[in-house]
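For the sequence shown, the working numbering gives the first residue as 15, with consecutive numbering after it. The structure appears below as structure tokens.
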Amino acid sequence: MPLIAAVRQVFAADGPLVRDVPGFVPRSGQTDMALAVARTVQGGGALVVEAGTGVGKTFAYLAPALLSGARVLVSTATKALQDQLFLRDIPRLAASLGAPVRLAQLKGRSSYLCLQRLDEALHGDAVANLPAAQQRLLQTVRLWAQRTASGDVAELPALDEASPLVPVITSTRENCLGASCPRAAQCHVNSARRTALAADVVVVNHHLFFADLQVRESGMAELLPSASVVVFDEAHQINATGLQFLAVQTGTGAWKRLAADLLLQAQGPQRGYADWHGLSGAVSQSTQAVAALCGSSATMRRLPWLDGAPEGIDIDIWTAALARMAATLEQVCRCLDLLADADVSMQLLSQRAQTLHEQLSVFAGASPHGMVRWVEVGQQVRICASPLNISAVIRQHVALGEQSSRAWIFTSATLGTDADLRWFVEPCGLQGARTLRVESPFDYARQAALYLPQEFPEPAHPGHSAAVAALVAEAAMRLGGKTLVLTTTLRAVQAVRVALQEFMSRQEVGGLDILAQGDASKRELLERFAAHAPLPARGAVLVASASFWEGIDLAGDVLQLLVIDKLPFAPPDDPLVRAQTDACNAAGGNAFKDIHLPHAAMVLKQGAGRLIRGERDRGILVVCDTRLHTRAYGKKLLQALPPMRRLRDAGEWQAALAGLSEPMAPPPEN
Ligand code: SF4
């Protein structure tokens, strides 16, 4: 059967999905998206699809891709979404379509157990220095290592991604022994790459995709040319993720580690072959000279580096400090080069010094056109150079237009505020791609309400966070928790949390638990928040920022009230944002209109999207930023939100809160 007809049949009322997938209902938006993907798979080129929450975009791109029989590469934003596609969505769909596929997923090397490093950890002295809890966890890892087939550390829920044990039992490019490794034959990293190269459908994540475009070591360089269909799900993240990997970063942390490892050689087999103390001391002194110029900061801050040196640092002194560091690294490279054939560890050390030297050379002389530099100052100093966007690299790989036989699909629930999806398309260099917007099937006017309190402190007012907390406390008490507060800064998370805790401590009975970002991992916080929802459990309010604005799915009654403290404009003094602003204005654009407003609209839309996740969900969104009704641009931002009904005053707000505990009104009859 031709692909288009086959796709129509899959999503039809008498199709296999209705038969096999519990709760599946044919929806015209999902079918439209699937047909657009099918046409692109057949004809090649790039398609950008914004599919509102609830459209079912995953099946809409997977069905045509699987039915085409082509080799498919799917990239998604996080490892959790990668697992969901690999373990649940693709097997379920392939079974329903009767289209068996060889499926594989590939993650970065830090996701796989390194058997060699586990052996070293179990038998070396370092294990004795680990805290008791980590030693117990290491024993759990040892037992799991005997039975795991994939070596994917996500199989071990007890091992959090941020655990200090993860770097102990996983490898990096720098410390992997490669072909000389005694465990190379059983290596999970190598095995995952071999399986991916032999598979029909491979699931990766954006981090791996862009990291590998840079370093070409995980097999993506071979995977990409052989894939006929490439899908980026959660594509709104690719510009930010791509920039992280296209940027060159180096600094005092890496230099200090090199100095320490050079010093270690003074006791190793190569001890008599070089002046290790002298080399290590030279690296340390050059490092200190750079660090002393930048200072340190308890919280990370970014120093713009617009002219010859970072803001506040004399150009000549800065240039001399970097030149001294470069000369020191050159000296180390020369020495290690002579010893590189001695053994694998010497070879790895030599490569590392070479890489550090090459990275630093990027910062010599004036910044190239289209790049921006800055210095990050925290406990360490990191110097960074980044392109302004990922357009050049995407254009290099994505051939646009019908002449390309490869199909590129970019999809997400939030890609723009206009039909051309310019917010996403332009920085990604995808001008000329076909675009499609598919509206959410949810009945927002019936399921959700939007409240913008009129009498509220301005966002810059010192009492703003306290006012947010007062509104949240009163409403959340009525709902028994079920409230998520999204703030634009971590400082506001703390201010709102403290005010809420004070309020709850004054309650004689029936207070709520206050959870805040930073108390535990994101996964644990969300699990704790969801566990509070069923009555008679004590209710909870979750206060968070940054990563909680997207990618969290609190369906059903778990979340009924979503409060956003301020409009999420990008920080204007951030060096990258400043450089993007200058470049836009210099090219005759209007950076506020072309960059900042669409960016804020997209983030606001992402945040608001946390509220309604299913057709039976109900809730209220409150945005505590008076600029939405006092500034001309407020209307534009409101248009980005789903079409919720507006609560006009405090009376309607109170009534809507009361209404959340009553049964939902049935949909109007057609
Ligand atoms: S080859 Fe590298 S990643 Fe694999 S077991 Fe050996 S050291 Fe670890």
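Where is the CB? At the ideal position from N, CA and C, for every residue including glycine.
| Query | Result |
| --- | --- |
| Taking the C-alpha atoms as reference points, what is the distance between residue 518 and residue 526? | 7 Å |
| With a threshold of 7 Å, establish whether the CB of residue 520 neighbours any heavy atom of the ligand SF4. | no |
| So residue 435 packs on residue 449, CB below 8 Å; how close in whole Å? | 5 Å |
| Using 8 Å as the threshold, is the C-beta distance between residue 85 and residue 240 below it? | yes |
| Use the C-beta contact count for residue 39: other C-beta atoms within 10 angstroms, 16 or more gives buried, fewer gives exposed. | exposed |
| Tell me, please, which residues DSSP counts as bridged to residue 421. | 59, 243 |
| Mind reading off the beta-carbon distance from residue 130 to residue 96? Whole number of angstroms is fine, and I expect it under 8 Å. | That belief does not hold up - the Cβ atoms of residue 130 and residue 96 are roughly 25 Å apart, past 8 Å. |
| Would you mind working out which of 156, 125, 224, 630 sits nearest residue 175, comparing C-alpha positions? | 125 |
| Tell me which residues pass a beta-carbon proximity test against the ligand SF4: closer than 5 Å to any heavy atom, given in chain order. | 128, 129, 130, 185, 190, 191, 195, 197, 198, 201, 203 |
| Helix, strand or coil, according to DSSP, for residue 521 in the structure here? | coil |
| For residue 265, does the three-state DSSP call read helix, strand or coil? | strand |
| Do the segment 490–509 and the segment 551–561 make contact, defined as three or more Cβ pairs closer than 8 Å? | yes |
| What ranges does the alpha helix (DSSP H) occupy inside the segment 587–631, keeping only unbroken runs of at least 4 residues that lie completely in it? | 589–600, 611–622 |
| Determine the DSSP secondary structure at residue 416, reduced to helix, strand or coil. | Note that residue 416 scores a pLDDT of 47, beneath 50, so its modelled location is shaky and nothing firm can be said. |
| Compare the Cα-Cα distances from residue 2 to each of 608, 344, 340, 217 and report the closest residue. | Nothing in the structure corresponds to residue 2, since the chain is present only between 15 and 684. |
| Indicate the three-state DSSP secondary structure (helix, strand or coil) for residue 556 in the structure shown. | strand |
| Checking the sheet assignment: what are the DSSP bridge partners for residue 497? | 555, 575 |
| Determine the DSSP secondary structure at residue 527, reduced to helix, strand or coil. | strand |
| Rounded to whole angstroms, what's the CA-CA distance from residue 165 to residue 560? Just pull it up for me. | 30 Å |
| Which class does residue 90 belong to by DSSP, given the choice of helix, strand or coil? | strand |
| For the structure I just gave you, are there three or more beta carbon pairs, one from the segment 380–400 and one from the segment 21–32, closer than 8 Å? | no |
| For residue 55, which of 422, 280, 26 has the nearest alpha-carbon? | 422 |
| On the three-state DSSP scale, how would you describe residue 219? | strand |
| Going residue by residue through the segment 102–170, where are the continuous alpha helix (DSSP H) segments of at least 4 residues, counting only ones entirely within it? | 104–111, 129–137, 146–159 |
| Skipping 5 residues on each side, what residues in its chain have a beta carbon closer than 7 Å to that of residue 303? | 335, 338 |
| Among residues of its own chain, excluding the 5 on either side of residue 394, which ones have a beta-carbon nearer than 7 Å to its beta-carbon? | 265, 266, 267 |
| Would you call the segment 648–664 in contact with the segment 443–462, where contact means no fewer than 3 C-beta pairs closer than 8 Å? | yes |
| Does any residue of chain D bring its CB to less than 8 Å from the CB of residue 675? | No chain D appears in this structure, which consists of one protein chain only. |
| Can you tell me whether residue 382 is buried or exposed, with buried defined as 16 or more other CB within 10 angstroms of its CB? | exposed |
| How do the segment 587–602 and the segment 623–639 stand: do at least 3 beta-carbon pairs fall below 8 Å, yes or no? | no |
| Can you list, in chain order, the stretches of the beta strand (DSSP E) that have 3 or more residues and sit fully within the segment 16–73? | 59–65 |
| Buried or exposed: residue 285, going by 16 or more other Cβ atoms within 10 Å of its Cβ? | exposed |
| Answer with buried or exposed for residue 672, where buried requires no fewer than 16 other C-beta atoms within 10 angstroms of its C-beta. | exposed |
| Can you give the Cα-Cα distance for residue 667 and residue 541, rounded to whole angstroms? | 29 Å |
| Sorted by chain position, which residues of the same chain lie with C-beta nearer than 7 Å to residue 569's C-beta, five sequence neighbours on each side aside? | 627, 628, 631 |
| Whose C-beta lies closer than 7 Å to the C-beta of residue 409 among residues of the same chain, with five residues either side of it excluded? | 443 |
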